[in-house]
Amino acid sequence: MMTFYPYIKLVHMGAAMTSGTLFVLRALALLAGMRWPRAAVVRYTSYTIDTVLLTGAMMLLTILPAGMFANGWLTVKIAFLVAYVGLGIAAFRPARGNGARTALVVAAALCFLQVYGIARAHDPRGWLLWFGS
Ligand code: HEM
Numbered sequence: 093m094m095t096f097y098p099y100i101k102l103v104h105m106g107a108a109m110t111s112g113t114l115f116v117l118r119a120l121a122l123l124a125g126m127r128w129p130r131a132a133v134v135r136y137t138s139y140t141i142d143t144v145l146l147t148g149a150m151m152l153l154t155i156l157p158a159g160m161f162a163n164g165w166l167t168v169k170i171a172f173l174v175a176y177v178g179l180g181i182a183a184f185r186p187a188r189g190n191g192a193r194t195a196l197v198v199a200a201a202l203c204f205l206q207v208y209g210i211a212r213a214h215d216p217r218g219w220l221l222w223f224g225s
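In the working numbering, each number is its position in the sequence shown, counted from 1, plus 92.
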């Protein structure tokens with residue numbers, strides 16, 4: 093299984109980037125008053141990308157030794173992921189003013205960036221490492 097590790101990681105990272113990009117595009121379009129972000133085809137495309145992302149994540153989890161997560165980076169990453177999903181769902185609710193929607197989208201995007209930073213750094217502090225000593 094380790095033979096496939098680099099490919100699985102590439103798929104996981106590719107799906108993560110696609111998922112984040114689609115989220116931002118949909119959010120911006122929604123803020124501009126467009127209707128396509130709520131179209132069924134767009135929603136199902138998003139679910140499919142997220143399924144690929146999570147499948148890759150589960151595969152990586154089973155391949156890698158548990159010691160790799162000893163400093164808790166994965167737990168913190170998942171906590172930010174839950175916040176990202178929750179804020180994203182709230183941002184896409186129909187009965188939402190543009191001000192509140194913008195704030196929710198920005199908060200969700202910041203959580204997504206932190207998920208990415210934590211994954212890259214293998215450290216719960218993620219991008220905050222840059223500001224530390
Ligand atoms: C928005 C969601 C996610 C994003 C943006 C994301 C991002 C990334 C990135 C960029 C990497 C590569 C890190 C490196 O260069 O070593 C990675 C690896 C990994 N991710 Fe995710 N991920 C997400 C969701 C998840 C979830 C839900 C899980 C587990 C439940 C997970 C588990 C892992 C694991 C185990 C690795 C392997 C780390 C390594 O090989 O060094 N990821 N992720």
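We put the beta carbon where it would ideally sit given N, CA and C, even for glycine.
Check: Excluding sequence positions up to five away, which residues of its chain have a Cβ less than 6 Å from the Cβ of M151?
Finding: I100
Margin query: Taking the beta carbon of A211 as the centre, do at least 16 other beta carbons fall within 10 Å, making it buried, or is it exposed?
Written below: buried
Margin query: Whole angstroms are fine: how far does the CA of V197 sit from the CA of N190?
Written below: 10 Å
Note to self: Between which residues of its own chain and A108 is the CB-CB distance below 6 Å, once the five residues before and five after are set aside?
What the structure shows: L145
Item checked: Residues of its chain near A119, where Cβ-Cβ distance is below 7 Å and the 5 sequence neighbours each way are ignored -> A183 and V197
Notebook entry, point to check: Can you tell which of Y176, F223 and M126 has the C-alpha that lies nearest to the C-alpha of L205?
Noted result: Y176
Check: Are M105 and I155 close, meaning C-beta to C-beta below 8 Å?
Finding: no
Note to self: Do A199 and V116 count as a contact pair if the criterion is CB distance below 8 Å?
What the structure shows: Not in contact: V116 and A199 (Cβ atoms no closer than 8 Å).
Next item on the list: Confirm the yes/no value for this check: CB of I170, any heavy atom of ligand 1, distance under 7 Å.
Entry: yes
Item checked: Endpoints, the alpha helix (DSSP H) within which H104 is located -> Y97 to L123
Checklist line | Residue range of the unbroken alpha helix (DSSP H) whose run includes F204 | finding: N190 to A213
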